[in-house]
Structures are given as structure tokens and as C-alpha cells.
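The structure under discussion appears below in the form of C-alpha cells.
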Amino acid sequence: MKKSRVADLVACTGAVIGAGFASGREVIAFFTRYGIHGWWLIGLSSGTMAFLCSLCLQGAAKQTDQDGWYALLGTAARMCTLMLMLLTGGAMLSAAGHMIEMVWPDRQAYSIGLLGTLTGAWMLSFGSLRPLSWLSGILTTVLLATTIGLIFLFEPAETTMVVMKDTNLLLAAVCSMAYASMNMTLALGVVCRCAQAEERRNWTLAAGFGCLMAVLLGCAHLLYTRNPQLLEEPFPIVRLLSRFGRNGYLLSAGVLYLSVFTTLVSIVLAIREAMAKLFIRRAAANGFMLTVLVMVSSIGFTGIVDRLYAPAGLLCFSLVFVPLISRRLDKDRINALPSKIAE
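For the sequence shown, our numbering begins at 444 and goes up steadily by one.
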């Protein structure tokens, strides 16, 4: 894989790794609670992400204009995606404010962290994806190294190796696909920017993205399966790293903040593209976007992973990806007609 493809790969990964993923909350909610079944659920979710990524890359590569993800979707899908991005972006902003508050004991730490993070994400949403690729590469490396290190540092007791908190496997499969759908919806802006005219390169990027997500999810699932006492923790990775004192605490806060920031850059990039189509004046578009994100951030981050992600993911799949799949199937049928007529 060429260097440009590696940069695109880590940029797409950073767009998906938000605070819920890095903290371990998403992994526990969608995979670890199902014990050993979490392994095939991770395979299903990663495969779904790879398939949807490929679908978006192929669709974006065929566009003749520069409208990005916005031109790829219908009106209902655009509005659904935009609302989801605004809601999730606000939640990420709230999480960023709390991360700064955790390490800086000041009365204004939350507000400064929130506004500073939003300003930084807004600035990085312009231009190329290179800064996001660098940050995403650092995040992916640190997160993977930290997870593997914790797996070897904390040896489990034999009785804690198997965890089964839920037995509804059909619902688990649906939720894992919904989780993949929601993540890919939030990453639409970055994914469409990575599309290239050559179809083989798009398939390679999608396959690499799916494999990398499978590795990240698998390592995290193994870690939390070995530590079932963390299943009810809102930020499991913070609890684990806090055992190493202040340095571990700061490392966990840094990983969480970086994961929030990379996802927020992706979301702001996509929202900014949509706002440019909805508003004639760029200043009005940016002002509206920033105001709504700050207002939504007042809702907070707690509980959004367990309660919102699955239904939001199903809505995204039905409104965003089902039409794309139908469009692709119709095109395949049309392309197959000449060969059938010749027979």
C-alpha cells in the first residue's frame, strides 16, 4: 500500500475512533457483553464497515463535482446524516471539555477546553487531510500499544475469562451492524475525500480499513473480557490506566482527548460541506454550525453510547446506505443486460 493510501487509511480510522471507542464503552456495549460471541460480532461489524466504506468510496469516485458526501445522498439521508453529525459533534465537544477539566483544575477549564477544541477542529477541517492523518496515526499507534500492553500486564483469573451478560444474539448482530453503520455515517466526509478514480485502490483502502478496525476491536475486546469488573464503568480505560498513578491517568486523558479531536475534525469537515450548500454566505454557514454544536454540547456525553448509537445506526443504515446499495445493485443489473441479450 502506497504512502498516500496509508495516510487515507489512518485518516478514516481516526474519524471512527471517538471517545466511546477509545474509552472502551462502545466495545463493552456492543461486543464484550456477549462474551465469546463478541469475536464473531467484531468480524461482522468490521466486515460491514469495510463494505460500507467501499460503497461510499465507489460512489464518491464517480462524482464529477466537488460536493463530497452531500451529493452522494438523497434529501432525507442528508438531513438524517446532518442531524446525527450535529448531535454527535456536540457530544464530542462536551467530552473534550471534560477531558480538559480532568487534568486542569480551573473553574473555566471546561469552557476553555470546549471552545479551544472546537476552534482547533474547525481550523483543521480546511485544506488537505495530512494533519488529520498524522493525528490519527499517533492515536491508532498509542491506543493499540496501550491496549496490548494492558493485556499482558493484567493477567486474568481463570474464572473471569468467559463473560456473558446478554444472550439475545440476533439483537446483538443487528446492533453490531448498526454500530458499523453509524460510525461510517460519521466518517462520510473523510471517506469521500479519500476516494480515487481507480476502483482497485478503493477496494484496497476499504479492505485495509476493515482489517485495522478488526484488530483494534479484537484487542480491546480481549482486554475487557479479561477484566469483567469494568463492564459497568463509563470510561474503562481510565480505570485501568489509573492504577499506574498520575502518569497513567494523564495517558488515558490524552488518548481520550485525541480520539475526541480526530472524530470531531471529521464531523466538522462534513458539516461544513453541508452548510456550504444550505447557506449562500459562508460566514452564516460557519456561524450556524458553530452555534448549534456548542448548544448541543450542553446535553452532555454520558449515556449516549448505550442509548443512542444502536437506534441511530439503524436509522442511518435504512436512510443512507440502503439507497446506496439499491443504486449499486441496479447498476449491476443494467451492466449485466448486454451479456444476457447476447446469450
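Don't be surprised by glycine CBs; every beta carbon is placed ideally from N, CA and C.
For clarity, every value in this text was computed on a predicted model and none was experimentally measured.
C-beta contact flag for CYS496 and ALA713 at 8 Å: One-based indexing of the sequence shown puts residue 496 at position 53. One-based indexing of the sequence shown puts residue 713 at position 270. Taking 8 Å as the Cβ cut-off, CYS496 and ALA713 do not qualify as a contacting pair.
Own chain, CB closer than 8 Å to LEU484, minus 5 neighbours either side, in chain order: Indexing the sequence shown from 1 puts residue 484 at position 41. So the list reads PHE473, PHE474, TYR477, ALA615, ALA616 and SER619, once near-sequence residues are dropped.
Cβ contact (3+ pairs, closer than 8 Å) linking the segment 531-541 and the segment 668-688: no
The segment 564-571 in contact with the segment 699-716 per 3-pair CB rule at 8 Å: yes
Contact under 8 Å by Cβ, ALA462 with SER579: Counting from 1 along the sequence shown, the entry for residue 462 is found at position 19. Counting from 1 along the sequence shown, the entry for residue 579 is found at position 136. No, the pair does not count as a contact, with Cβ atoms beyond the cut-off.
Same chain, Cβ closer than 6 Å to SER489, neighbours up to 5 away in sequence not counted: Position 46 of the sequence shown, counted from the start, is the residue given in the question as residue 489. Counting only Cβ-Cβ distances below 6 Å, and skipping sequence neighbours, we find GLY653, MET656 and ALA657.
Buried versus exposed, by CB contacts within 10 Å (16 or more), TRP512: By 1-based counting over the sequence shown, the position of residue 512 is 69. Its Cβ being crowded by 16 or more others within 10 Å, TRP512 is buried.
Test item: CB-CB of LEU515 and GLY502 under 8 Å: Taking the sequence shown and counting its residues from 1, one reaches residue 515 at position 72. Taking the sequence shown and counting its residues from 1, one reaches residue 502 at position 59. Yes; because the gap between Cβ atoms is below 8 Å, this pair is in contact.
Helix, strand or coil at ASP451 [DSSP, three-state]: Start at 1 with the first residue of the sequence shown, and residue 451 comes out as number 8. Correct three-state label for ASP451: helix.
Identity of the residue in PHE464, THR705 and MET732 nearest GLU716 by Cα: Counting from 1 along the sequence shown, the entry for residue 716 is found at position 273. Here the closest residue by C-alpha is MET732.
Inter-residue Cα distance where the pair is GLU675 and LEU666: Taking the first residue of the sequence shown as 1, we reach residue 675 at position 232. Taking the first residue of the sequence shown as 1, we reach residue 666 at position 223. Their backbone Cα atoms lie some 15 Å apart in a straight line.
Where THR602 sits in the DSSP three-state scheme: Numbered from 1 along the sequence shown, position 159 holds the residue referred to as residue 602. In this predicted model, THR602 has a pLDDT of only 45, less than 50, meaning its place in the structure is not dependable; the value taken from the coordinates is given anyway. Three-state result, THR602: helix.
Selection from ARG643, LYS505, PRO766 and LEU612 that minimises the alpha carbon distance to ILE479: The residue you call residue 479 lines up with position 36 of the sequence shown. The option with the nearest alpha carbon to ILE479 is LEU612.
Other residues of its chain near SER695: CB distance less than 6 Å, five sequence neighbours each side excluded: Position 252 of the sequence shown holds residue 695. ILE680, VAL681 and LEU684, listed in sequence order.
For CYS637, the three-state DSSP class (helix, strand or coil): Locating residue 637 in the sequence shown gives position 194, where the first residue counts as 1. If DSSP states are grouped into helix, strand and coil, CYS637 belongs with coil.
Where THR518 falls, given that 16 or more other Cβ within 10 Å makes a residue buried: The sequence position of residue 518 within the sequence shown is 75, counting from 1. Exposed: under 16 other Cβ atoms inside 10 Å.
Opening and closing residue of the alpha helix (DSSP H) in which GLU716 lies: Here the question's residue 716 lines up with position 273 in the sequence shown. Run containing GLU716: 688-721, per the alpha helix (DSSP H) assignment.
Of the residues VAL459, VAL546 and ARG669, the one placed nearest ARG689, counting alpha carbons only: Sequence index remark: in the sequence shown, residue 689 carries index 246 (1-based). Out of VAL459, VAL546 and ARG669, VAL546 has the C-alpha closest to the C-alpha of ARG689.
CB of LEU701 within 8 Å of CB of LEU582, strictly: In the sequence shown, residue 701 corresponds to position 258, counting from 1. In the sequence shown, residue 582 corresponds to position 139, counting from 1. Their beta carbons are under 8 Å apart, which means LEU701 touches LEU582 by this criterion.
Residue burial classification, GLU469 (beta-carbon count within 10 angstroms, cutoff 16): Start at 1 with the first residue of the sequence shown, and residue 469 comes out as number 26. Its Cβ being crowded by 16 or more others within 10 Å, GLU469 is buried.
Beta-carbon separation (whole angstroms), ALA450 vs LEU572, contact threshold 8 Å: For the purposes of this step, residue 450 is taken as residue 7 along the sequence shown, with counting starting at 1. For the purposes of this step, residue 572 is taken as residue 129 along the sequence shown, with counting starting at 1. Going by Cβ atoms, the distance from ALA450 to LEU572 rounds to 7 Å, so yes, they are a contact pair.
Residues of its chain near ALA564, where Cβ-Cβ distance is below 6 Å and the 5 sequence neighbours each way are ignored: Numbered from its first residue, the sequence shown carries residue 564 at position 121. Taken in chain order, the residues that qualify are LEU707, VAL708 and VAL711.
6 Å Cβ shell around CYS759 - same chain, five flanking residues per side excluded: As a position in the sequence shown, residue 759 is number 316, starting the count at 1. So the qualifying residues of the chain are SER624, MET625 and THR628.
Continuous alpha helix (DSSP H) stretch holding ASN729: start and end: Taking the first residue of the sequence shown as position 1, residue 729 is located at position 286. Element bounds for ASN729: 725-740.
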